[in-house]
Each structure stands twice: as C-alpha cells, then as structure tokens.
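All the letters of the sequence shown, read from the start, carry residue numbers 1 to 767 under full-length UniProt numbering.
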Amino acid sequence: MLTSLILNLGLLVALAHLGSLTLREWPLKRDRAHLLLHTVLAALASTVLLRFPTELQPGIPVDLGHVPIALIALRYGLLPAAMAALPALLTRTATGSPEAAAALWGLLGVLLIGSALGGLLRRRRLKLTSAWWVAPLTFSTNGFGLLLLPDGAALLQASYLPLLLFNSLGLVAVVGLLQARLRLLRLSHAYRQQALRDPLTGLANRRQLLEDLETLGPEDGLLIVDVDRFKGINDACGHEAGDRVLCVVAETLERSVRPGDRVYRYGGEEFVLLLRQVRRENAAGVSARLLGRVRSTSIEDLPNVRVTVSGGLAFPIEGEKPADTLRRADEALYQAKDAGRDRITLARTVHQPDTEPDPASPLEVYAASAPDPLPRLALWRSARDTLALLASDHGLTARDWHALLEAAVTCVPGAEAGSINLRDGEHFEIVAQVGFSERLLGTQQSQQAWMHYYTGSEEDWRAARPRVLRAAQLARALRESGELTGILVDEGPFAEAGRVHELRASLCMPVVCGGEVVAHFNLDSFSREDAFDNGSIEVAREFCTQASALLAAQRRRQQARHSHEAALETLGLLLEARDFETQGHTRRVARWAIELGEALELSADDLEALRLGALLHDLGKLGVPDRVLLKPGPLSHTERLEMQQHVEAGYRLVQRLSDVPAGTLEVVRSHHERWDGQGYPDRLAGEAIPLLARLFSVVDVYDALISVRPYKGAWSEEEALHEIERQAGQQFDPVIVQAFLRLCRRTPLSAVAWTDALGSGSRTFGR
C-alpha cells in the first residue's frame, strides 16, 4: 500500500510541475484566460488522479483527485472550483458505487471549506505557505460520506486520519512546488529589472530603451535631453554633487511626463523620453513645460547650481528605423546646444547637411557632409570637454581618457573598439579601452615593441602618420610586438582580453607632443577589413589633435606646479638657513606627514595640501626675533606669547601666496592646537581641529623631541614614542597617535639621518 501511495503522490507532483510551466512571468496575470486555463488543468489533473486510486481499506479506494480542486477553491473561489470538479463529479457518479457516493460528500466539503478559507486568506492577506493549518481544514470532511455505508463508523474511524494526512501532504507538496516556481519567477523578474534599470537614478536604462524602441509608433515622439554644462558642475562641486544633479533631473523628468510615457537614462548626463501619442503641434507646449520644470528645480546643499537641459525631439518618418529616429533626435540636440542651450529643437524630417556649415573646423565640415549622418553631438561634446580640460587646473584622469576614446569610437567611421596608450618613461601603457576587457588596462610595452606593432618606419612614427592594417598584417604585427615583451598574443589572458582573434582592421595614430611620440590612438574593427578609409583618418586625426593639446597642457601645468612647489619649499627652508640647528626638520616632517597620511588613506589632494603645509608650517617664525627664537633656556610668559604669534603671522603670509590649498592653510594655522582645547591660536578642541593639522602636529612634535634644539637636548626614539602615546587624548588625536605608532613599529623613522646631538637641556618641547 505504501508503494502505491508514493506513486500516487509522485503522479500528483508530476502533474503539478506540468501545470507550473504555465506560470511564465511575474507578476502573475489574473485575467479570465489564465483563470480558465488553470481551471481546465485542475479538472484534467483531478480526472487523471481518479484513475489511479489506492485501497486504504479493502473496498475503500483512496486518491488525490480532490487536491487540484482544493487549489482552485483556495485561489479562485467556489465557482471556478465547481467547474474544475465537474469531470470528477461525473466520473464518480458514473460508477454508481456506494463508495463513489460517499466520496462525493468529501468533494462537496473541499469545495465549500476551500472556498471559505481562500476568502479568509485574501481578506487577511495571508500566504498559503505560512498558513499550514489550511491543508487539514480543507480536507477535514473527507471520509464523512463513509457514514452512509454499512459499518461506516468503523470504516471512518480506521481511515479518517490516514485519508486526512494523505490529502494534506499532497496539497502541501503541490503548494511548495508552485511556490518554488513563483520564487524563481520573482527572482528572474528582479534580476531583469536590475539589468534594465540605471542604479543611480532608478530609471530604465539604455538596454530597456533599445527594447522599447521596437514598439515606437508613428505618432510617438523621441526626445533626447542633455544636462547643460554638467562637466563644469562635476569639476566645481565634485562627482557626488553631479550624481545628485542627475537624480534630481531624472525625478523632474519623470514628474513631467504622462502616465503612458517613459523616461530612460541613456548614458552620462543624457536622458531619453519616449512620448506616446504626442501630436507634433503639441511639441512646443511639451518642450516649454519640461524646460520650465527643470529650470525651477533646486538642489539641496547646492544653492548656486542652476540646472538647465537642452533637447532634441524627433518623430518617426514612414519606413524609418527607430535607431534612425533616435539619431535625428541626437542631431537636433546638437543644434539646441549650438543655439545656446536651455532649449529643445525639433528634428528635421529629412536629414540634410547644414546649408551654411561653419568652415572653422574640418571635423564639423566632415560631419555635416558625410553620406551617413554622424553623431555630431558626440563630436561637439568631445571638443567641449577638451576645451574644458584645457581651461581647468585638474590633471588628466583615466575617466577623461576613456571619455575621449569613447567619443572617438562613436565618431570615427568603421571604429567598433579602441584603446589609448600613454608614454610612461621607456614604455607605453594602456590607460583607456572601449570594446575590450578591463583587464587590458595597465598593460605595458616598450617603444621597440610599439614600433613593431606600428609596422611603419621610425620617421613615419615620429611624424604621426596614420597606419591601417588588415587582419593578416595585424596578426603578424601583434605577434612580433608580443615576442619582444614576452606577451602571448595568440592565446591566454591577453588574447582573450584584447579579442585578438576577432580583429579585422586596425587604425593606429601616433600622438606627438614637443617632437616626441607620447601616446597612440588605436581604433579597431571586428567586422570589416575595409572599415577605415580617408574619412576615418580625418576624424581620428582630430581626436589625436585634442589628445596632443591635452598632454601639452598637462606638461605645462606640471612644469608650473614644480616651479611653484620649488618656490614654496625655498620659503620653508629659509628658516633653516637662519637657524642651523633645525636643518632637515622641514624635509623630515614633510616626508613623515605624507607616510602617515597614506597610512590613514587620505586622498591625493589632501596629501598634497599636507605636504605643502609641512613645508610652510613655521614660515611665521621668520618674524620672530633671534633673542626669542634662539634663546637657549625656557621662555618667559611674554616671550612665549611672542613666539605663539608666529602661527597667525605665517597664516597671513601663506594666504598671500597663489594656488595654496585650503588644507595647507589649516596646517599652518592650527598645528599648535591641542586635542584638549589648550592649544593656540584659536583654542580649538577635538575634531574641531582640522584633520590635516591634527595629523601634522604629531610628526612635528615627534621630530622636535628627537632633535637638538637651543632649549633642549635630543630624546631617544623610545622616549619620544612613549611621550607621544602618553599625550594621546590630551595634546593629540588618539586615533592618529595609534596610526603613527603602528607606522613607526612597521617602518622605523630612524632611516632618516638625524642631526647630531650637540648638547643637553631641559625636557620642554613644542614652542
């Protein structure tokens, strides 16, 4: 009997699995078609299960035919369950046996109790998986029909509990299987939503847009909007502020559209709006409303940031592909930017070059006259970003190179991927890639290897002449250059990351700056050997010109910065020229401060500000009289007050210098403040003292302790470290003290040559 019960249960689970395959998407649909489908499937499953009963008692067949009907009753209610039970009802009635009549009473109980419990679950919003008591209650009347038979009471007593457990177990098994299917659908839906959502703004992303473009109708509009002067916001306020601007714009755009419309983040600061059934004559009103709402937005903590957008609106043309409609909208966006920003331009219905192209730029002329319309907005944006970088004081980052390369791959006809290599001493290093793996970044090759990859003469290479290679030539050039550097290009990580076996054509453009090849622009095609022509070279040459200008500007900035820093360091060393006993102090504390700052994971900007602060921290002592500065004994109260004035004097001097970071000023002014608030000049306490000043004060005092001063002898390193530790929480920030002690234990600071001890004195320090 047990084997028969297990087989019956297995049949039920198999039928439930087949039924679960009709659940294909999340959230579940509750329309009439699905209701009818599930009702029919339950009726069929119930009928099949009736055909394979198990004899629980001699002459008393038991089956699981009521379980599918119970599921319908619990989910859909009485009427659908009654329809699902009709075949089972007819089948049992046709047998005419007393046992069949008894089973009908159980079926009636399942219908009534299951429907009532289903309504209760829905009202209380309970899940069937958590309401375990539903299963036995649903089948609680099963077997009561046996009372109609002779000796029915004895039969009921012997079979009721097994019958109840058997049906309950069947219902629980089916519910568990269906819940597993629903959980899988939910997870798949969640992962799909993540793949189709922009994580920053929560909008649908570019992938979702490309899917939805397939449903673009003749009366729908495509609007591309771009945040005006977004790079300036990033540079002035930081990338976190830029992200907040994007989120506010995204929220504003979503509030500005109708329920049937949709907003997508297309990439960077660019958004696309799919406007359903919008008439062309209403385009002006839609544009004005959207521009006004964006213009009126305010961003918390950024009161001086004024946000505007420019846009291009296009409507489909008969027979036009959605991608071409999007391209025309992109062209219109370029026109809006060119016309002064903060406006939306309606795209032309037929693409044609501008009637009067601006002859100032060969790139613009080429873009306007090309047979296929190029994404001119990308060209314009690249030139704009280059000008912004040239005008800024910021160094070039990996993000800047990636943006330039991405624009080149977008704009150069035939390009599908690319990379930029920058000179680093005697090697060239890949700093940006598009279309390849991130693992390619950081790969280095010697100049000789690059000459083999270039394949031209050294004269052509230094003259920045472009070269185009096809598949066979390219494979040979890669192999020869790889042999020189020991990189396997035919197999292994480089071949996979660089998609070596997929390359069909390559355009290499050396970038020359100051008569020296300083970089390479490499543009590649995976589909055609004839991908690059003269037009491609002309456009690529423009990007190389931009790269050369950026590198030249960076070189000039570095030279100016080095000159500026040398002047500042000279100022810092003037005091040492005056007081020979403190010679080396400035360089030592600058070095230690940087090491401690790196241990505390300060940013590059903070480290630079800290270094300059270390060089200039005692500049105000130039105004302290020798009788005070060089006094061999303890200072009087008046002399101590006079000495303390050097902090504010130095602060005023450094304020007059150009391009000094705020953090440097903080170090100069606050490096004599104490954690307990007993320092000078402002008596700041705790974290009110600027971080860089708290950090520098530790290394400044440490060097004062272990050095000979007019008023004291040199302490041993152990004594100095013990004193620093003792002053944690009083003179110094305890967290910084612990970091300093760890640094000293890991890398002894005695590696620096100390000034010889010239004498002894009292153990006072920190003038």
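Ideal Cβ placement from N, Cα and C applies to all residues, glycine included.
Just so you know, these numbers come straight off a predicted model, no measurement behind them.
* Between valine 245 and valine 294, is the Cβ-Cβ spacing less than 8 Å? -> Taking 8 Å as the Cβ cut-off, valine 245 and valine 294 do not qualify as a contacting pair.
* Can threonine 201 and alanine 135 be called in contact, C-beta distance under 8 Å? -> Not closer than 8 Å, so no.
* Separation of alanine 728 from tryptophan 675, as counted between CA atoms -> When rounded, the distance between both Cα atoms is 8 Å.
* Contacting residues, own chain, Cβ-Cβ under 7 Å from cysteine 247 (five flanking each side not counted) -> Result list for cysteine 247: Leu200 and Thr201, in chain order.
* What do you reckon, are the CB atoms on residue 777 and alanine 540 nearer than 8 Å? -> The structure shown does not extend to residue 777, since the chain is modelled only from 1 to 767, so the question has no answer here.
* To do: Go through the UniProt domain "GGDEF" (218-349) residue by residue and report every complete run of the beta strand (DSSP E) that reaches 3 residues or more, in order.
  => If we require 3 residues or more, the beta strand (DSSP E) runs fully inside the UniProt domain "GGDEF" (218-349) come out as 221-227, 262-267, 270-275, 309-314 and 344-346.
* **Three-pair Cβ contact test at 8 Å for the region 107-119 versus the region 76-94** => Counting Cβ pairs under 8 Å, three or more are found: they touch.
* **Residue burial classification, arginine 709 (beta-carbon count within 10 angstroms, cutoff 16)** => Buried: at least 16 other Cβ atoms inside 10 Å.
* Asked: Taking the C-alpha atoms as reference points, what is the distance between valine 257 and arginine 504?
  -> Those two C-alpha atoms are separated by around 45 Å.
* **Stretch pair the region 265-284 + the region 203-216: three plus CB contacts closer than 8 Å** => Contact holds: three or more Cβ-Cβ distances are below 8 Å.
* Sequence-distant residues of its chain with Cβ nearer than 6 Å to glycine 319 (five each side left out) -> Contacts found: none.
* Asked: Are three or more beta carbon pairs between the region 40-55 and the region 85-92 nearer than 8 Å?
  -> A contact between stretches requires three or more CB pairs, one per stretch, nearer than 8 Å, and the region 40-55 meets this requirement with the region 85-92.
* To do: Classify threonine 3 as helix, strand or coil using the three-state DSSP reduction.
  => Reduced to three states, the DSSP call for threonine 3 is helix.
* Exposure label - arginine 462; buried when at least 16 CB within 10 Å -> Burial call: exposed.
* Near alanine 336, which residues of its chain fall below 8 Å by C-beta distance, leaving aside the five closest residues on each side in sequence? -> Cβ contact annotation for alanine 336 (same chain, cutoff 8 Å, sequence separation greater than five): Ser310, Gly311, Gly312, Arg343, Ile344 and Thr345, in chain order.
* Cβ contact check for the region 648-660 and the region 608-628: 3 or more pairs under 8 Å -> Two segments are said to touch when three or more pairs of C-beta atoms, one from each, lie closer than 8 Å; by this definition the region 648-660 touches the region 608-628.
* Backbone secondary structure at valine 708 - three-state DSSP -> DSSP places valine 708 in coil when its eight states are reduced to three.
* To do: Helix, strand or coil for phenylalanine 543, going by three-state DSSP, please let me know.
  => Reduced to three states, the DSSP call for phenylalanine 543 is helix.
* To do: Could you work out which residue in Asp618, Ile594 and Leu629 is closest to alanine 739 when comparing CA atoms only?
  => The shortest Cα separation from alanine 739 among Asp618, Ile594 and Leu629 belongs to Ile594.
* Asked: Taking just the CA atoms, how far does aspartate 261 sit from arginine 255?
  -> Their backbone Cα atoms lie some 11 Å apart in a straight line.
* Residue of Gln444, Lys631, Ile736 and Leu107 minimising C-alpha distance to leucine 600 -> Out of Gln444, Lys631, Ile736 and Leu107, Ile736 has the C-alpha closest to the C-alpha of leucine 600.
* If you drop the 5 nearest sequence neighbours on each side, which residues of the same chain put their C-beta closer than 8 Å to that of threonine 91? -> Taken in chain order, the residues that qualify are Thr47 and Leu50.
* Please state whether DSSP places alanine 728 in a helix, a strand or coil. => The answer is strand: DSSP assigns alanine 728 an E or B state.
* Give a yes or no on whether 8 Å exceeds the smallest Cβ distance from isoleucine 689 to chain C. => Going by chain labels, chain C is absent from the structure shown, which holds only one protein chain.
* Spatial neighbours of arginine 611 in its chain, beta-carbon cut-off 8 Å, leaving aside the 5 residues before and after -> Cβ neighbours of arginine 611 beyond the five flanking positions: Ala590, Ala593 and Ile594.
* **Validate contact between the region 514-534 and the region 546-561 using beta carbons, cut 8 Å, 3 pairs** => These segments touch.
* Among residues of its own chain, excluding the 5 on either side of serine 636, which ones have a beta-carbon nearer than 6 Å to its beta-carbon? -> If you ignore the 5 residues before and after serine 636, its C-beta comes within less than 6 Å of no other C-beta in its own chain.
* Consult DSSP for alanine 14 and reduce its assignment to one of helix, strand or coil. => Helix.
* **alanine 408 vs glycine 418 beta-carbon contact at 8 Å** => Yes.
* Are serine 527 and alanine 415 touching if we call contact CB-CB under 8 Å? -> Going by C-beta atoms, serine 527 is not nearer than 8 Å to alanine 415.
* Asked: Using the C-alpha atoms, what's the distance from alanine 432 back to histidine 235?
  -> Checking the sequence, you will find aspartate at residue 235 rather than histidine. Taking the straight line from one Cα to the other gives about 20 Å.
* Asked: What span of residues does the beta strand (DSSP E) with glutamate 516 cover, start to end?
  -> Counting along the chain, the beta strand (DSSP E) containing glutamate 516 begins and ends at 516-525.
* Specify the secondary structure class of glutamine 444 as computed by DSSP and reduced to three states. => The three-state secondary structure of glutamine 444, taken from DSSP, is strand.
* Rank Gly663, His646 and Pro734 by C-alpha distance to the C-alpha of glycine 686 and give the top, closest one. => The candidate whose alpha carbon is nearest that of glycine 686 is Pro734.
* Asked: From this set, Leu275, Arg640, Leu41 and Leu137, which residue's C-alpha is nearest proline 681's C-alpha?
  -> Residue nearest to proline 681 within the set Leu275, Arg640, Leu41 and Leu137 is Arg640 (criterion: CA-CA distance).
* To do: Classify threonine 325 as buried or exposed, calling it buried when 16 or more other Cβ atoms lie within 10 Å of its own Cβ.
  => Threonine 325 counts as buried, since no fewer than 16 other beta carbons sit within 10 angstroms of its beta carbon.
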